[in-house]
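Numbering (my numbering), first residue to last: 100 to 436.
All C-beta atoms in this analysis are idealised placements derived from N, C-alpha and C, irrespective of residue type, glycine included.
It should be emphasised that the depicted structure is a prediction, and the values quoted were computed from it without experimental measurement.
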């Protein structure tokens, strides 16, 4: 089990949840306070100024500075459902529902955090802005210069550099679009968990593919899919699916056929990301945990006591998992053991 290695860091500016201000445009990417070097020290070692070195006791020899610990962001977010690492810009994008998952209220937002946990742009993409529609943002994926965001029955597109709207795709018949993953061919894959506001099944369980030109193709639609949630696409086009309803992990092969699944230690699975080497990380609401393992193999909890861990991201530069805490309005960041 891992534990959070950093202290709680307050966001640079308080965010006003649920406030509709059509006169205020969304801030440009990278605006707001710059992310300074973290001053938090590794757990149990006391705090130290970022970049400062210390001398070994009694020896006079210099000791390398302690690297900043992962932050635990606990303030300023509002029902965070997904965290995505934007590697090209070394920043974290956090999708905030800011209400209930199926409320069409146009007050969802995407926050931008630096790796120190501080806000770079608290409401970078804001449903309250006049030119933005964003109700209940969930899973996200980056393809080229475009950010794709699942939003109830739409997938919305935003310019990755500016945060400005770049189009949208409506999926007719969708009930609860949830996660989004980029595919090798430039398309995206999106899951429909197929539940209503009470989380009762609607039978709309599905996996869709959206081409770069916006064309929607069902990969598979079947009420027996177990309420698909997290999705990950491998280099050969296989889609790995983590289910919230049946608590299993299974593959959809490139031909669109569902393969036999595997139950994880606990259910209500949410996010899924791949690590270098082929292991997967999967979050579980029932287990309040993050599991690590390979399909068909053993799964071990590497982080526990996480309340409502949702659609996690992975910081490939630092080797950190980034877990949104859906009901605690926080993000748990920790090194992956």
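Same chain, Cβ closer than 6 Å to residue i, five either side skipped, listed in chain order
i, result
"residue 203", "234"
"residue 255", "248 and 267"
"residue 308", "286, 288, 316 and 318"
"residue 296", "201"
"residue 331", "280, 339, 371 and 373"
Other residues of its chain near residue i: CB distance less than 8 Å, five sequence neighbours each side excluded
i, result
"residue 337", "350, 351, 352 and 353"
"residue 191", "182, 183, 184, 185, 211, 212, 213, 214, 412, 414, 421 and 430"
"residue 323", "304"
"residue 394", "339, 348, 350, 361 and 379"
"residue 84", "Lying before the first or after the last residue shown, residue 84 is absent from the chain, which here runs from 100 to 436."
"residue 418", "434 and 435"
For residue i, the first and last residue of its enclosing beta strand (DSSP E)
i, result
"residue 246", "245-250"
"residue 435", "Segment: none, residue 435 is in no beta strand (DSSP E) and carries neither H nor E."
"residue 190", "190-195"
"residue 412", "412-414"
"residue 203", "Looking at the DSSP string, residue 203 is not in any beta strand (DSSP E), and its letter there is neither H nor E."
"residue 234", "Segment: none, residue 234 is in no beta strand (DSSP E) and carries neither H nor E."
"residue 221", "218-225"
"residue 185", "179-185"
"residue 339", "338-342"
"residue 374", "No beta strand (DSSP E) holds residue 374; DSSP gives it neither H nor E."
Own chain, CB closer than 7 Å to residue i, minus 5 neighbours either side, in chain order
i, result
"residue 386", "364, 365 and 400"
"residue 343", "292, 326, 328, 367, 368 and 369"
"residue 269", "252 and 253"
The ligand MG heavy atom lying under 8 Å from the CB of residue i
i, result
"residue 382", "Here there are no bound small molecules, and the ligand MG is not part of this structure."
Buried or exposed (CB count within 10 angstroms, at least 16 for buried), residue i
i, result
"residue 382", "buried"
"residue 280", "buried"
"residue 367", "buried"
"residue 435", "buried"
"residue 178", "buried"
"residue 195", "buried"
"residue 302", "exposed"
"residue 433", "buried"
"residue 404", "exposed"
"residue 397", "exposed"
"residue 312", "exposed"
"residue 314", "exposed"
Identified DSSP bridge partners for residue i
i, result
"residue 423", "430"
"residue 398", "392"
"residue 362", "347"
"residue 326", "For residue 326, which the question treats as bridged, DSSP gives no partner whatsoever."
"residue 382", "389"
"residue 176", "Answer is none; residue 176 lacks a bridge partner."
"residue 169", "In DSSP, residue 169 forms no bridge with anything."
"residue 405", "For residue 405, which the question treats as bridged, DSSP gives no partner whatsoever."
"residue 210", "193"
Residue-level contact to chain D via CB, residue i, 9 Å cutoff
i, result
"residue 348", "This model lacks chain D altogether, as it is built from one protein chain only."
Complete runs of the beta strand (DSSP E) confined to the region 255-321 [at least 3 residues]: 264-269, 276-281, 287-291, 305-309 and 315-320
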